[in-house]
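Heads up, the thing below is written out as structure tokens.
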Amino acid sequence: MDADARQKLEETTRWVPAEAEGPIFAEWLDGGYFHPEATGTPDENYSVALPPPNVTGVLHMGHALNSSIQDTLVRMNRMLGRNTLWILGTDHAGIATQSVVEKSLRAEGVDRHEIGREAFTERVWEWKRDYGSRIIEQYQRIGASGDYERERFTLDEGYARAVRKVFVALYEKGYIYRDHYMVNWDPGSRSAISDLEVENREETDTLYSVDYPVEGTDRVLTVATVRPETMMADVAVAVNPQDERYADLIGSHCVLPLVGRRLPIIADDHVDIEFGTGALKITPGHDVNDFEIGRRHGLEEISVIGEDGRLTEAAGERFAGLTVAAAQEAVVAALKEEGALSGEEPYPHSVPFSHRSGERIEPLISLQWFCRMDELAAPAIAAVEDGSVNITPSQWQRVYLDWMREIRPWCVSRQLWWGHRIPVWYRGEEVHVGEEAPAGEGWTQDEDVLDTWFSSAIWPFATLGWPEDTPELRAFYPTDFLTTAREILFLWVARMVMTGIEFAGDIPFNDVYVHSVIQARDGRRMSKSLGTGIDPLGEIDEHGADALRFGLLAMSSTQDVRYSDAKVQQGRDLANKLWNASRLILLNTEAPADRAVPAEPIALEDRWILSRLESTVGRVTELLGEYDFAHAAQEVYSFVFSDLCDWYLEIAKPRIYDGDPELPAVLLHALERTLALVHPMMPFVTEEIWRYHPYREGHLVVHRFPLADGSRVSAAIESEVGAAIALTRQLRGWRDLAGVPPKVVLDASGDPAAVPEFVSRLGRVRIGAGEGEPVATVAGFGIRASDGLDLEAVSARLGARRGKLEGERQKIEGKLANQRFVEKAPAEVVAEEREKLERIRAELAELG
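Now the structure itself:
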């Protein structure tokens, strides 16, 4: 270390991430470390595709968790010497982006229809040029080591060509077709959306009983419905063929109230005998199940609700133009006037809403483009069943397979202007489906665009240049790993598996890790609208990127978890601890002429820390390989914070300051391997410390990741020193409990040769010193009376502690003796009470 570097390190007494992170990231970019050459094979290389965030987005906590997980694996594999690519880019996000630009137009007093499609699309491109890189730049704040030079956008020219090729190929195979079919219509975005973009909410509506007169009799057929506003589109009434109440009516007709239309009474097994009256009005134009029943029975399909969410002229002059809610009130009033309403009752049920706009979904029959999925799904099912694609945690593998086995046609068209316009052109009765526009005049392209998820489905291979046979595609496809949230397991993950096998000839990734959802601090979902969102950039500003990364990894699990400020603070404390410990080593150690660490160092503590280091390297590597990031983070924390800093450096301090010639090789070796081990999780602080390490040759980001050296692991030494540390903790604990001043060195009976030297030094006790009977026994050592020990004060404090523990013991024993508590309380609560009782009993035994 030169004089300037030494002075800077001496002056930098604490880790200040805000000052260091930006320059460090710039160094990484300048070094080109994230931009690998497209050489080698996928088996030799390592690649990951970032789930492309919406171009409209800003970094949220889900992005932060996802990128922390991916970057940990990406950095580790890069340091293992693998040619590593992290594919970055953004999604054009059809509905979201169009909504943002439409909002800005409305602020100008302009509607998109006024300026036209071409001008509107250009406005969206302008917005993208101005703001589209914002979220990718924010990924840099958290340290994401992606290939920013290969950044892709799902509407860039090459990507769009790939999307058109996929559409045309699926059309030519007969998988893509156009049909009038029931879709989830979102009145908010004025577009069809897929089943996977629908979220169901529990709502309480009114269940109305409406009487339909049976033709030629004085009987009525009472139907129960929560949607009387759709009854003008009724075409039949259905009953279950096993329902004896209505057996004689099957094949006859009833009359539709308010309209007077004759409706056939049909039999269908779908009708639930137990629901309502057991008679179901059939409205194929506005109900998914009725649509299927109508197709089975060849019924007419009438629509009375338009794409704007208002009733159409087909509903009759009295109701045309009303919103759905207003129409329901008007229809109910009309039924009451006619005497056809025979009952009302509250009815809680699940109601579909658009995940995009928040509006209630209207099931409508619409002319849309669909993709039949059965043929595509079969090999994607097989890939998971045979283990080619491994989904972790395993319960999501079952969910994936269940959904894929029941897969339905995918509505791939959207009624938007921003997106991949469907590559279909019309001229009179002629239809052209192709990657390019047809020659000649008079052709008009389809107005719709493709579902955003259609283009996202080819992300892992289209980003690498497909359909061209590019060096990137040959080197990095299939990718190795994908981490994702569970809500897009079907929207995105399953579709990537299907298209990867179909078009790229192989699965898109080997492993899928479905990460947990980080909830708000109070357990609710994080939401900007609810005011429960936590800004990761704000957390980075306050604590640093390393602290947030560590905290999120430590929070992650197979279960949803609440955001933990304590875990982030733990990460911050770890960064500070590592910084201070490194300063102690680097400012007091010169690089030895011989860097080699002896196979058997003389000092017991040296052999112990080297064993603990290699044990930790092995365990962390194993846990990361299992995608158990939370336990890997805690292993790192425990080793650095406790083993290395709290114990080893404290034990070794006299030797550090005395200049023990054997120590520098051990210290610098341990620090080098520790920094490399921690770097994938906490890249900034480790890179900055490495700057001052005398062994430094290049940046830590490309330094070799440690491989566990089993020859240095000794269970016997770890046990011996571990027992001595536990003894020291007990001595320190007793001193604190007894109120012994820090400067007082206690006398104790016992053999000083029976324990390592540091027990006496760190426990502030002279073992084998003093005379007389012990006044207390701590961990087998008898504490003797001495000048610095106030026996009356000690006795009073220990008595008070003993009394408190006795009270707690009796309380817990009483609780556990209550059979009702043991049976009713959660198992983990009961187990925690039993563990607490054992700790109290052990401490009472220690106090005597």
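The working numbering applies: residue 454 is where the sequence shown begins, and numbers increase by one. We treat Cβ as the ideally placed atom computed from N, Cα and C, and that holds for glycine. Note that the structure is predicted; figures quoted are calculated from it, not measured.
Annotated three-state conformation of tyrosine 499 is strand, per DSSP. Threonine 492 and asparagine 498 have their C-alpha atoms spaced approximately 9 Å apart. The alpha helix (DSSP H) runs of length 4 or more contained entirely in the region 755-813 are, from start to end of the chain, 777-791. DSSP places lysine 734 inside the beta strand (DSSP E), whose first and last residues are 732-735. For aspartate 1113, the three-state secondary structure derived from DSSP is coil. Within the model, the alpha-carbon separation for glutamate 1141 versus arginine 1048 is close to 22 Å. With a cutoff of 8 Å on beta-carbon distance, valine 501 and isoleucine 588 are scored as not near each other. A distance of 8 Å or more separates the beta carbons of glutamate 754 and leucine 660. The C-alpha of leucine 1097 lies about 10 Å from the C-alpha of isoleucine 1104. With the rule of 3 Cβ pairs closer than 8 Å, the region 1022-1041 does not count as touching the region 1054-1074. Comparing C-alpha distances from leucine 1130 to each of Arg528, Leu1215 and Thr509 shows the shortest one belongs to Arg528.
By a beta-carbon distance limit of 8 Å, alanine 833 contacts isoleucine 954. Their separation comes to about 6 Å. Taking the CA atoms as reference points, leucine 1039 sits about 14 Å from aspartate 457. In this structure, glycine 547 sits away from arginine 605, with a CB-CB distance that is not shorter than 8 Å.
Of the candidates Glu1296, Pro876 and Thr607, Pro876 places its Cα closest to the Cα of lysine 618.
Per DSSP, reduced to three states, the secondary structure at proline 1136 is helical. For histidine 516, the enclosing alpha helix (DSSP H) begins and ends at 514-532. Take the alpha-carbon of histidine 873 and the one of valine 621: they are about 13 Å apart. Taking C-beta separations shorter than 7 Å and ignoring five residues to either side along the sequence, the partners of alanine 686 in its chain run Thr736, Gly738, His739, Ile755, Ser756 and Val757, following chain order. Under the DSSP definition of a beta bridge, asparagine 843 partners with Asp964. Glutamine 523 has its alpha-carbon roughly 17 Å from the corresponding atom of arginine 603. Pairing arginine 582 with phenylalanine 806 gives a Cβ-Cβ distance that is not under 8 Å. A straight-line Cα-Cα distance of about 23 Å links isoleucine 941 and alanine 1007. With respect to the 8 Å criterion, phenylalanine 943 and isoleucine 911 are not classified as neighbours on the basis of their beta carbons. In this structure, serine 647 lies near cysteine 864, with their beta-carbon atoms less than 8 Å apart. Distance from the CA atom of alanine 915 to the CA atom of alanine 836, rounded to whole angstroms, is 21 Å. Around the CB of threonine 607, 16 or more other CB atoms lie within 10 Å, so the residue is classed as buried. Nearest to glutamate 1125 by alpha-carbon distance, out of Gly997, Leu1153, Glu463 and Pro1195, is Leu1153. DSSP lists Val676 and Leu794 as the beta-bridge partner residues of valine 663. Taking the CA atoms as reference points, proline 640 sits about 6 Å from glycine 762. Bounds of any beta strand (DSSP E) do not take in histidine 750; it lies within the alpha helix (DSSP H) bounded by 741-750. Between threonine 905 and leucine 869, the alpha-carbon positions lie close to 11 Å from each other.
Runs of the alpha helix (DSSP H) lying entirely within the region 576-653, each at least 4 residues long, are 587-594 and 610-625 in chain order. The beta carbons of asparagine 519 and aspartate 544 sit about 14 Å from each other, so the pair does not count as a contact at 8 Å. Rounded to whole angstroms, the Cβ separation of phenylalanine 962 and aspartate 933 is 6 Å, and the two are in contact under 8 Å. In the structure shown, tryptophan 870 falls within a coil segment according to DSSP collapsed to helix, strand and coil.
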